[in-house]
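Residues in the sequence shown are numbered from 1 upward in steps of one, following the UniProt record's numbering.
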Amino acid sequence: MKLLEKMTYVECFMIIMATWFMFISYSHGTNVAAAPGTNGLDTAWYDARAAYYGDIHGGGTEQGACGYGDLNKHGYGLATAALSTALFNSGASCGACYEIMCSPNPQGCLSGSIKITATDLCPPGSAWCYLADKHFDLSLPMFTKIAEVKAKMVPVRYRRVPCAKTGGVKFEVKGNPNILTILPYNVGGAGDIIAVSAKGSKTAWIVMSRYWGQNWTTNVNLTGQSVSLRVTTSDGITKDFTDVMPANWGFGQTFDGKTNF
């Protein structure tokens, strides 16, 4: 009887421990899967190089091949970079955010890291932006946060990070009645966009085409209609911005989507 009771106690203890272990394991797995901020991005570290262009005040970095125009006006400031062809991906990387740090040990490196948004293409014919090379051309103020100016170019480590933006996604309307062009900017989350669709109050959803950089276009005339926009970022998240453009919208205007990724 005592042996039976002893075995019962042991078995009960084992069952309790097994249940506790399964609960902890399940909870841990759930937390990892739901970890905020990653949104399915590849956040592994990779090797590249970084240099700088422009002056200490950011001169020469105000525009770019992503089509954002005035980077200060659109909220990007100097925390931006021109990407080599290997990273630019024909403009598909526009709006993506990266964390960059100088590789350990090389002369001229400083500790710490920076976070930037991709806003431009580093011309493939320049000194170090060769087609197959991964390279970041930083504004000088950002470069000096991770390396000494005299270094000019340094090996770096980089990874994708979620874009932290304030306020809603903004939509700048350009073009004419025959060619509507939309420039989404201040995009949070993954930051880079893979699809945009528009829906007039009298139409079905219209798939827009990437015109250049982060400019999206359609030749469907939507003037006089309120317009909803559907945006999908590279991590597969889609958001609808319902009637973000009122029926009396005009070219040259910018509209606030109110929400973000």
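Just so it is clear, CB atoms sit at the ideal spot from N, CA and C, and this is done for glycine as well.
Three-way DSSP call (helix, strand, coil) for residue i in this model
i, result
"N89", "helix"
"A48", "strand"
"V169", "coil"
"V161", "strand"
"L222", "coil"
"residue 269", "Any question about residue 269 goes unanswered here, given that the chain covers just 1 to 261."
"V187", "coil"
"K145", "coil"
"E151", "Correcting the residue identity first, residue 151 is Ala in this sequence and not Glu. A151 falls in the helix class under three-state DSSP."
"L71", "coil"
"L229", "strand"
"L140", "helix"
"F251", "coil"
"L121", "strand"
"K134", "coil"
"S103", "coil"
"S84", "coil"
"V244", "strand"
"C97", "strand"
"G175", "strand"
"A198", "strand"
"S126", "coil"
"Y76", "coil"
"K239", "strand"
"D256", "strand"
"T203", "coil"
"L41", "coil"
"S234", "coil"
"I56", "coil"
Cβ neighbours of residue i in the same chain (closer than 6 Å, five flanking residues each side left out)
i, result
"G191", "G95, A96, C97 and C163"
"E172", "L183 and T254"
"H74", "Y68 and Y185"
"F88", "L121"
Buried or exposed by the 16-neighbour rule on C-beta atoms within 10 Å, applied to residue i
i, result
"L131", "exposed"
"A33", "Any reading at A33 is ruled out, since the residue's pLDDT is 31, under 50, leaving its predicted position unreliable."
"A204", "exposed"
"F13", "Unreliable positioning characterises F13 in this predicted model, as indicated by a pLDDT of 38, which lies under 50. The coordinate reading is nonetheless provided below. By the 10 Å Cβ count, F13 comes out exposed."
"A247", "exposed"
"F251", "exposed"
"M17", "Reliability of the predicted coordinates at M17 is poor, the pLDDT of 39 falling under 50, and the value obtained from them is presented with this limitation in mind. Exposed: under 16 other Cβ atoms inside 10 Å."
"G257", "buried"
"N186", "buried"
"residue 264", "In the structure as shown, the chain starts at 1 and stops at 261, and residue 264 therefore has no counterpart that could be examined."
"D137", "buried"
Same chain, Cβ closer than 8 Å to residue i, neighbours up to 5 away in sequence not counted
i, result
"M153", "R49, A50, A51 and W128"
"G64", "L71, T80, A82, T119, D120, L121 and G213"
"Q225", "G200, S201, K202, T203 and A247"
"Y46", "K134, R157, Y158 and R159"
"T43", "R159, R160 and V161"
"E62", "D70, L71 and N72"
"P177", "N221 and T223"
Same chain only: Cβ atoms within 7 Å of residue i, ignoring 5 sequence neighbours per side
i, result
"D243", "S226 and S228"
"A195", "T232"
"G168", "D256, G257, K258, T259 and N260"
"K150", "G108"
"F23", "Only weak support exists for where F23 lies, its pLDDT of 33 falling under 50; the value from the coordinates is given anyway. So no residue of the chain qualifies."
"Y76", "Y68, T117 and T119"
Check your understanding: Between the region 132-149 and the region 42-58, do at least 3 Cβ pairs fall closer than 8 Å?
Key -> yes
Review point. For the 8 Å Cβ check, are there 3 or more pairs between the region 205-216 and the region 103-115?
Key: No, the region 205-216 does not touch the region 103-115.
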